[in-house]
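To keep things clear, I will list the structure first and then write my remarks on it.
Numbering (the UniProt record's numbering), first residue to last: 1 to 223.
Pasting the structure below:
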């Protein structure tokens, strides 16, 4: 069996990955790819969100892959630390954006669902990096360029330092990498990122980038 993997993640890191999809065909398809990823130690399958919640509450799951739309209003169980990767349809971004769970840690276009594409997405989400498909980022940028309705919430006001950190966050840099780029301490970078998440009302780094793009805080040239 050929195993796919990059060197960006520690070689000893092994993940338990769960797949949530009502379609057996989708579950089998994702399973065949996951079986070839060096970083995946165990893969588990759920037919519904209820099953996924029961699984995450009872078993440590590193990453949950949501393979279908319609989970935007669902909530993660209390205390669950599982990171969530959502598959989206790049040909129907309107629905993808509408259905995107606000607690998602990353997104992957179904059109990019190759062994290499899934491996990269899983690895980025596993180490806390933002994971947003180029097609989705482009659509968010296009929407950000449209005039805001009169009652729409205005973009958050960021300090110059927070804006610098946001640009680096959008590039997928970790807190330590942000600290080095900005010549500040790791603790200072952690505080900056925490401040960004608070101001953008986002539960994690990926959703902070999504919110920033929607609000026009990130220029297309920075993506």
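Beta carbons: idealized from backbone N, C-alpha and C, even for Gly. Predicted, not measured: the structure shown is a model, and the values here were computed from it.
Nearest Cα to residue 50 within the set 185, 16, 74 and 170: 74. Residue environment analysis places residue 199 among the buried positions, since at least 16 neighbouring C-beta atoms fall within 10 angstroms of its C-beta. By the C-beta criterion, the stretch 99-116 is judged to be in contact with the stretch 84-91, since at least 3 inter-stretch pairs fall below 8 Å. Straight-line measurement puts the Cα of residue 207 at about 18 Å from the Cα of residue 80. For residue 106, the enclosing beta strand (DSSP E) covers residues 106-109. Around the C-beta of residue 83, 16 or more other C-beta atoms lie within 10 Å, and the residue is accordingly described as buried. Taking the Cα positions, residue 53 is about 18 Å away from residue 15.
Runs of the alpha helix (DSSP H) lying entirely within the stretch 6-62, each at least 4 residues long, are 24-34 and 49-58 in chain order. Within the DSSP secondary-structure output, residue 66 pairs in a beta bridge with 20 and 86.
In the three-state reduction of the DSSP assignment, residue 156 falls in the coil class, being assigned neither a helical nor a strand state. For residue 177, the three-state secondary structure derived from DSSP is helix. Boundaries of the alpha helix (DSSP H) around residue 186: 186-200.
DSSP places residue 211 in the uninterrupted alpha helix (DSSP H) bounded by 205-214. When C-alpha distances from residue 176 are compared across 128, 163, 134 and 211, the shortest belongs to 128. Distance between residue 78 and residue 56, taken at the CA atoms: about 10 Å. Cβ neighbours of residue 45 within its own chain (closer than 6 Å, five residues either side excluded): 19 and 27.
Secondary structure note for residue 102: it is in no alpha helix (DSSP H), with a DSSP letter that is neither H nor E. When the Cα atoms are used, residue 124 and residue 178 turn out to be separated by approximately 16 Å.
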